[in-house]
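Using my numbering, you'd call the opening residue of the sequence shown number 21 and step up by one each time.
Yeah, the Cβ is synthetic: ideal placement off N, Cα and C, and Gly gets one too.
Keep in mind it's a predicted model, so treat the numbers as computed, not measured.
Note sheet for the following structure.
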Amino acid sequence: MAAEKLEQGELVAIPTETVYGLAANGLNANAVLKIYEVKNRPQFNPLILHFPSVEQIEQLGLRFPPKARELAQVFSPGPLTYVIPANDKIPGIVTAGTGAVAVRIPSHPLTRQLLERLPFPLAAPSANISGSVSPTSAQHVQAQLGGKIAYILDGGPSEVGLESTIVSFLDEPPQLLRYGGITAEQIESIIGPL
Ligand code: AMP
Ligand code: MG
Numbered sequence: 021m022a023a024e025k026l027e028q029g030e031l032v033a034i035p036t037e038t039v040y041g042l043a044a045n046g047l048n049a050n051a052v053l054k055i056y057e058v059k060n061r062p063q064f065n066p067l068i069l070h071f072p073s074v075e076q077i078e079q080l081g082l083r084f085p086p087k088a089r090e091l092a093q094v095f096s097p098g099p100l101t102y103v104i105p106a107n108d109k110i111p112g113i114v115t116a117g118t119g120a121v122a123v124r125i126p127s128h129p130l131t132r133q134l135l136e137r138l139p140f141p142l143a144a145p146s147a148n149i150s151g152s153v154s155p156t157s158a159q160h161v162q163a164q165l166g167g168k169i170a171y172i173l174d175g176g177p178s179e180v181g182l183e184s185t186i187v188s189f190l191d192e193p194p195q196l197l198r199y200g201g202i203t204a205e206q207i208e209s210i211i212g213p214l
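In structure tokens:
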């Protein structure tokens with residue numbers, strides 16, 4: 021059900037280890053636009069694309085830098101997001117016109133299965149109205165967004181409840197853009213100073 025709805029350009033709430041996400045086909049600008057509308061999210065705030073593996077990121081023609089690869093071997097799947105140069109397959113509404121795209125490999129088993137079945141990555145911010153609390157259960161999503169989205173994939177309560185840590189690889193050294201489930205010390209222990 022979730023896969024069919026996403027293939028049709030509909031919105032589906034998905035469980036991740038951080039919080040529930042509000043997902044759409046990340047390569048379909050019309051589908052992604054619905055995320056902004058339902059969340060009432062300003063369009064200058066770019067979205068994270070979720071992939072099943074580093075291989076799938078590279079299959080889109082994106083360059084995943086060596087230090088990102090080192091981190092991915094340790095922390096992905098998991099709550100770490102990598103900002104890397106975008107390409108023309110990524111809609112401008114995903115990147116907010118920045119020329120860079122944020123990518124992550126989530127660890128929740130149901131969402132991993134879903135991503136492996138789909139021929140596209142999922143754009144997915146938290147499944148809440150902008151400014152309210154991020155949901156950590158399917159019931160919580162239903163209470164905020166039920167009726168506005170096609171389907172809620174119930175994967176039980178989220179484990180981390182914290183957002184993903186975001187690191188940018190656009191410059192050297194890489195830059196920590198947002199604190200989250202993985203600490204700067206954990207990252208620096210693998211790739212050196214940020
Ligand atoms: P979230 O609202 O938790 O899904 O995370 C989205 C956040 O990821 C944005 O508010 C930005 O802070 C960050 N982000 C997403 N895409 C980019 C990008 N292309 N460049 C820099 N930061 C990004
Ligand atoms: Mg959010």
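Bounding residues of the alpha helix (DSSP H) (the contiguous stretch that carries residue i)
{"i": "Ala19", "result": "Since the first and last residues shown for the chain are 21 and 214, residue 19 lies out of range."}
{"i": "Asn45", "result": "Taken as a continuous stretch (DSSP letters only), Asn45 belongs to no alpha helix (DSSP H), being part of the beta strand (DSSP E) at 41-45."}
{"i": "Phe140", "result": "Neither: Phe140 is in no alpha helix (DSSP H) and is coded neither H nor E."}
Distance cut-off 6 Å: residue i Cβ against heavy atoms of ligand 3
{"i": "Val74", "result": "Only ligand 1 and ligand 2 can be found as ligands here, which leaves ligand 3 out of the picture."}
Exposure label - residue i; buried when at least 16 CB within 10 Å
{"i": "Phe95", "result": "buried"}
{"i": "Ala88", "result": "buried"}
{"i": "Tyr40", "result": "buried"}
{"i": "Pro129", "result": "exposed"}
{"i": "Arg124", "result": "buried"}
{"i": "Gln159", "result": "exposed"}
{"i": "Ser146", "result": "buried"}
{"i": "Gly201", "result": "buried"}
Residues that residue i bridges to, as DSSP identifies them
{"i": "Thr185", "result": "Leu100"}
{"i": "Tyr171", "result": "Val32"}
{"i": "Ser73", "result": "None, per the DSSP bridge assignment."}
{"i": "Ala122", "result": "Ile68, Val103"}
{"i": "Ser146", "result": "Gly41"}
Rounded distance between the beta-carbons of residue j and residue i, thought under 8 Å
{"i": "Val103", "j": "Leu197", "result": "7 Å"}
{"i": "Pro99", "j": "Thr38", "result": "5 Å"}
{"i": "Gly46", "j": "Ala143", "result": "4 Å"}
{"i": "Ala43", "j": "Ile34", "result": "5 Å"}
{"i": "Thr36", "j": "Ser178", "result": "7 Å"}
{"i": "Gly81", "j": "Asn107", "result": "5 Å"}
{"i": "Tyr199", "j": "Lys25", "result": "Wrong, their Cβ atoms sit about 33 Å apart, outside the cutoff."}
{"i": "Pro72", "j": "Leu135", "result": "4 Å"}
Where the beta strand (DSSP E) containing residue i begins and where it ends
{"i": "Arg137", "result": "Run containing Arg137: none in the beta strand (DSSP E); it sits in the alpha helix (DSSP H), 129-137."}
{"i": "Val198", "result": "Correcting the residue type first, residue 198 is Arg in the shown sequence and not Val. That run of the beta strand (DSSP E) goes 195-198."}
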